[in-house]
Amino acid sequence: MKRSLHIVFFILILLTVSPFCSFAQKLTATASSTTMATNNSIQVTYSLSGGKSESFQQPSFNGFSIIGFTTSTGGSGMTIYYNGKKVDAGGGNESWMFTVVPAKTGKITIDPAKVKVKGQWISSNTLTIDVSKAAAGTTNTKQPTTQQTQASGDVSSNDLFVKAYADKSSVMLGEQITVTYKIYTRIPITQYAIQKLPSFTGFWSNDLMKGVEKAKQYNETVNGQKYLVAEIRKVALFPQKSGKLTVDPLELDCVAEIQVKSKAANPFSGFFNDPFFNDPFFQNQFSFGYQQVKKSLKSNGLSINVTDLPSKDKPDDFSGFVGSLSMDSKLDRNIVKANEPINLTITLSGKGNLSLLDKLNVEFPPDFEVYDPQITENISTATGEISGSKTFNYLILPRTPGDFKIKPITLTYFDKNKKTYVTLTSGEISVKVGKGDGSAASITSSASKEDIKYIGSDIKFINIKTTEVFPNGSYFFASFAYFALLLLPVVLFIAFIILMRRRIKLHSNTALLKHKRATKIALKRLKQANIFMKAADKNNFYIELSRALWGYISDKFSIPLANLSLDSAHDTLTDKHVSEAIRNKFIEILNNCEFARFAPAEANVTMESIYNDAVAIISQTEQELK
Amino acid sequence: MKKFVIPALIYFQSLIVSASPYSDIISQANKAYTDAKFNNAIELYKQVVDKGYQSAALYYNLGDAYFKTKNYASAILYFEKAKKLDPSDPKIDFNIQVCNTKIVDKIEELPQPFYKHWMTDFCNLFTMDIWAIVSVVCLFLFFMFMAVYLMANAVRIRKATFWAGLLFLLVTMVSGVNAYSQYRSISNSHEAIIFEPTVNVKSSPDANSQDIFVIHEGTKVKILDKVGNWLDVRIANGSDGWIAEGTAQVI
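Residue numbers (numbering that gives the first Met the number 0), protein chains in the order written: chain A, 0 to 625; chain B, 0 to 250.
Shown next as C-alpha cells:
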C-alpha cells in the first residue's frame, strides 16, 4: 500500500516536473487541486529537480493550516538504471509534501517556497487555490489522491438503510435473544463507522461478532428491490428484568459512493483500510467518476416483551441462569495427608448466559483451607446461541486429619425447553485426610490450640416436646382461682383466730365462774355443815366441812379435785402468794378435819371450834387473794 | 395443706387437657419445620394461633419458622410475644438477638440504671404464673406462721415464727408485683414491631409534617401515645416521633 503510494507520488512528480528537469535546478509547486471545499484537504507538493537541497524554507501557507507533512529524497527510494549502469537521475529528486486544509473561503495564494541548492536560493512558483463553501453531504475522505467533487447527488433512504432484527419479540427473563443489525444497500459503500451503540439498558449483552473478520453478506429482496445485505453487528442479549424493554436504535455513518458524471475520474481513489468492503463494493469504481457521500443512518428501535419466570415452585437458591446446563464435579484425589493440596474442579456446561454464574455455593468443612476458585470460561458464540463451559477450580488444603465430607453442590436453573426449574446436584464428596508427615502440619495444628470458630449464626431450634397451648388470656394470675387461693388463707386465718378466741373465752369463763363462785359454794357447804353440827351428826359434819374446804381450793385455783392432796394444796397456796400463817392454818384445819372425823371424843366442842376456824380461814384467804 | 393444692392442680390440669386437640397440629407443624418446609410450618402454627390459642413454645416455633423464610419482622414479633409469655427462656432472647443482626436498623440501646436492669432480670426469672403460684404459697405460709405465733407460749418460737412469717409476706408481695407487671405487659402492650420496609418518623401526627428519622422493618418501638391513626413511638436509643398506625404491629 505504502509502496504503491510512493510510486504514485513519483509518477505525479515526474509528470509535473519533466518539462523543466533537463536543465538546471528547479523547485516546482503543485497542488492536488486548485479548487476545493472548506471541509476538504489538498496536497501541496514542492519538488526539486536537478540538485540536492541543502536547506528548505517552507511557505507561510496563509489561509491554510497544515495537517500533514512528508518529505522524500532520491526519488522516493527509486534507483534509475541507464544502460545497465546505476546513475543518479540528475542528482535525484526531492519533494516536500504538505497536506493542508483551508481556514477561509475565497481565492488563497500560497507563497513560494525556497530551497538552497549549491549555495543558491531557488524559489518555487506561487499557487492559487479557489476555496468554496463546503457542500452538504460531501465528506472529507482524507485519502491523499481522491478527487473530491462538489456534492451533486444524495443517497436515497431506499438505497441505503439499517435495520435491527430480534429473533424473538417475547422472551423469558434471562433467556437469550439475538439482535442483528443489517445494512441494506443498493449502492457501494466504502466505509462505515458506528456512531452510537445502543446501551442495551436492562440487558446483559454479549457481542456475537467478536473476532469475526468478515461481515456476512448476502442478497435479499425487499419490496421487489434487490439489496446487498451486510450483517454489521450481532448481539446476544439476556434480559435482566421483566416488563417491556426497549433497545435503542443504532446510529452509524456510512460513506457511499455514488456515480456522478464527473470528468474528474480518479483512478487512485479508494484505498480503504476497511477489509469488509474491499471487494464487493468496488467492482465498478474505476470505470466512472464517483462521489463519496457521507450519510448518517439510524436503525429502528426494538421493543421486547420480557416475561417473568414462573414464581410457582421457584426455589430459594435459584441461580438466575436460564437455558440448559449440566454439572460435573471432580476431585483429583480423595485420600490425602494433612496439608497436601487437593483440587476440586466443577465444570458447568450448557447453553445460556454462563457468564452470569460467577459463584458456586460449595460448603467446605471448616477445617479446610480453601482458596478462591480459579474460574475459566470457554464460551462460544459461533452458532449464534451462547454456549460453552465454565470451570471452577478450587484449591483445598485440609489442615487436620479426619474424614470429611463436602456437601453436595447444588445449582438451580430454569430449563428453557422444559419450562421448569431444575436443580443439579453433585454427589457428596468424601475426603479422607490422613496424618501429615508432621513437618507442615505441626505449624498449624499442634503448636497452637485453636479457639472454637463460629462459622455462622443461626437461631436456636424449635421446641419439639412442648405442644400444649392455652386459650388466649387464660392465665392463672388474676384468674378467679388465683384470687380464691389468695383469699383462702386469709379466711382460714380469720376463722382460726375466731375459733381460738372463743376457746380462750370459754375456758377463762368457767374458771372465772368457778373462782367467783368458790366462796359461795364453800359458804353453802359450811351452812350445811352447821346444820349437821346442830344435829350433832358428827360424820356428815366433817364430810361437809372438808368438802367445803377442798372444793374452795379446787374452784378458786382451777385445780381438779382428784389432783388435790395436802401437799399440792400447800404448793398451790404458796404459788398464789398466800401468807404462811394462813397457809399453815388452812392445812392444819384440813388436817384436823380428817383427824376429827375419825376421833370420837369431845365431839361438840371441837366441832364448833373447827367450824369457826374454817369460816375464818376461808374469809382470810379470800382477803389475801384480793 | 393438701386440700388447697389439689384444686390448683386440677385447675392447671384443666388448661392442659383442654389444649390437647391442637397438639397434633403443632406436632405436624414441628415435623414440617424439621423437614425444612417452613412455609408449611408457618401455616400450621398460624392455624392454632388464629384459633385463639397461645403458648410461649408456639410463638417461639412460629418465630423460628418465620426466621427461616427470612421474614424477620414477623419472626421478631413472635419471639417478642413468646418472651412476654415466658421471659425466663434464654433461647428466646438469643433468637431475638440473632434476628436483630439481620434487620436494617442497628440502634444503640439507651443504658438503663443498674437497679432497673436487676429488677427486670429478677422479674424475668419466672413466668407470670410461676410468680402467681409463689405468691399464693407464700401467703399461705405467712398465715400459717402467724397462727403458730399466736398459739405459741415460748418466746423463742414466737420470735422465729414472727420473722419467718414476715419474710413470707414480703415474698408474697414481691412475687405478686412481678406477676402483675408481667400481666400488664401481656394484656396491655405498649410495644410494637415495624412491618413496613421503610417508615418515616414524623415530628407530629400529620402526614405533611417534618420527617425526623427513618426506621425500617423489624425495629421494635415503644408506644407512648395514640392520636387518631398515629402512634407516638420511641425507639431504643430514646428518640421519639409519630408513625402511621398501620406500619407497626403491636406485640
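Beta carbons: idealized from backbone N, C-alpha and C, even for Gly.
Helix, strand or coil: which one does DSSP assign to residue i?
i       : result
R185(A) : coil
P488(A) : helix
E256(A) : strand
Q53(B)  : strand
S131(A) : strand
H116(B) : helix
E107(B) : coil
S134(B) : helix
R233(B) : strand
L565(A) : helix
I558(A) : coil
V468(A) : coil
H506(A) : helix
N123(B) : coil
Under a CB-based cut-off of 8 Å, is residue i close to chain B?
i       : result
L491(A) : yes
E427(A) : no
F469(A) : yes
P309(A) : no
Y659(A) : In the structure as shown, chain A begins at 0 and stops at 625. Residue 659(A) is therefore absent and cannot be evaluated.
E623(A) : no
L484(A) : yes
Y474(A) : yes
P407(A) : no
I458(A) : yes
F320(A) : no
F495(A) : yes
Report all residues from its chain with a CB closer than 6 Å to the CB of residue i; omit the five preceding and five following residues, and keep chain order.
i       : result
T70(A)  : W95
T181(B) : Reading the sequence as shown, one finds Gln at residue 181(B) and not Thr. Hits under 6 Å: M127.
E362(A) : K406
Does residue i have its Cβ less than 8 Å from a Cβ in chain A?
i       : result
L165(B) : no
I25(B)  : yes
K219(B) : no
A18(B)  : Caution applies to A18(B), whose pLDDT of 46 falls short of 50 and renders its modelled position unreliable; the value that the coordinates give is listed next. Cβ-Cβ to chain A under 8 Å: yes for A18(B).
M145(B) : yes
I132(B) : yes
G240(B) : no
Y77(B)  : no
T100(B) : yes
F161(B) : no
A35(B)  : no
State the Cα-Cα distance for the pair residue i and residue j, rounded to the nearest angstrom.
i       : j       : result
L628(A) : A151(B) : No information on residue 628(A) is available, as it lies outside the stretch 0 to 625 that chain A covers here.
E93(A)  : A192(A) : 37 Å
Q373(A) : S386(A) : 20 Å
D206(A) : N70(B)  : 41 Å
R502(A) : H569(A) : 30 Å
Y412(A) : I95(B)  : 34 Å
E195(B) : P112(B) : 32 Å
V232(B) : G245(B) : 13 Å
Q499(A) : H506(A) : Per the sequence presented here, residue 499(A) reads as Met, with Gln not at that position. Roughly 10 Å between the two C-alpha positions.
F60(A)  : V130(A) : 14 Å
N177(B) : V226(B) : 31 Å
V638(A) : Y183(A) : In the structure as shown, chain A begins at 0 and stops at 625. Residue 638(A) is therefore absent and cannot be evaluated.
For residue i, which residues of its own chain have a beta-carbon under 7 Å away from its beta-carbon, when the five flanking residues on both sides are left out?
i       : result
S168(A) : I303 and N304
N38(B)  : T68
I234(B) : I106, I214, T218 and V220
S184(B) : K83
Quick one: residues in its chain with C-beta nearer than 8 Å to the C-beta of residue i, no 5 flanking neighbours on either side, listed in chain order?
i      : result
E79(B) : I95, E190, I192, K219 and I250
Query - Cβ contact (3+ pairs, closer than 8 Å) linking the region 95-111 of chain A and the region 52-71 of chain A - result: Yes, the region 95-111 of chain A touches the region 52-71 of chain A.
Query - Validate contact between the region 113-125 of chain A and the region 27-34 of chain A using beta carbons, cut 8 Å, 3 pairs - result: Verdict: yes, contact present.
Query - At least 3 beta-carbon pairs within less than 8 Å: the region 178-196 of chain B vs the region 76-96 of chain B - result: Counting C-beta pairs closer than 8 Å gives three or more between the region 178-196 of chain B and the region 76-96 of chain B, which meets the contact rule.
Report task. Determine, using beta-carbon pairs with one atom in the region 334-341 of chain A and one in the region 290-301 of chain A, whether at least three such pairs fall under 8 Å. Result -> No, the region 334-341 of chain A is not in contact with the region 290-301 of chain A.
Requested in this report: Could you tell me whether the region 165-184 of chain A touches the region 230-243 of chain A, where touching means 3 or more Cβ pairs closer than 8 Å?
Outcome: Short answer: they touch.
Report task. Spell out a yes or no on whether the region 412-426 of chain A and the region 375-384 of chain A are touching, meaning 3 or more CB-CB pairs, one atom from each, closer than 8 Å. Result -> Short answer: they don't touch.
Requested in this report: Inspect the CB distances between the region 530-545 of chain A and the region 564-584 of chain A and report whether three or more fall short of 8 Å.
Outcome: The region 530-545 of chain A is not in contact with the region 564-584 of chain A.
Query raised in the report: Is the number of C-beta pairs between the region 87-101 of chain B and the region 38-50 of chain B that are closer than 8 Å three or more?
Result: No, they do not touch.
Query - Stretch pair the region 164-173 of chain B + the region 507-525 of chain A: three plus CB contacts closer than 8 Å - result: Put simply, the region 164-173 of chain B does not touch the region 507-525 of chain A. Fewer than three CB pairs are less than 8 Å apart.
Query raised in the report: Does the region 124-144 of chain B come close enough to the region 482-498 of chain A to have 3 or more Cβ pairs within less than 8 Å?
Result: Counting C-beta pairs closer than 8 Å gives three or more between the region 124-144 of chain B and the region 482-498 of chain A, which meets the contact rule.
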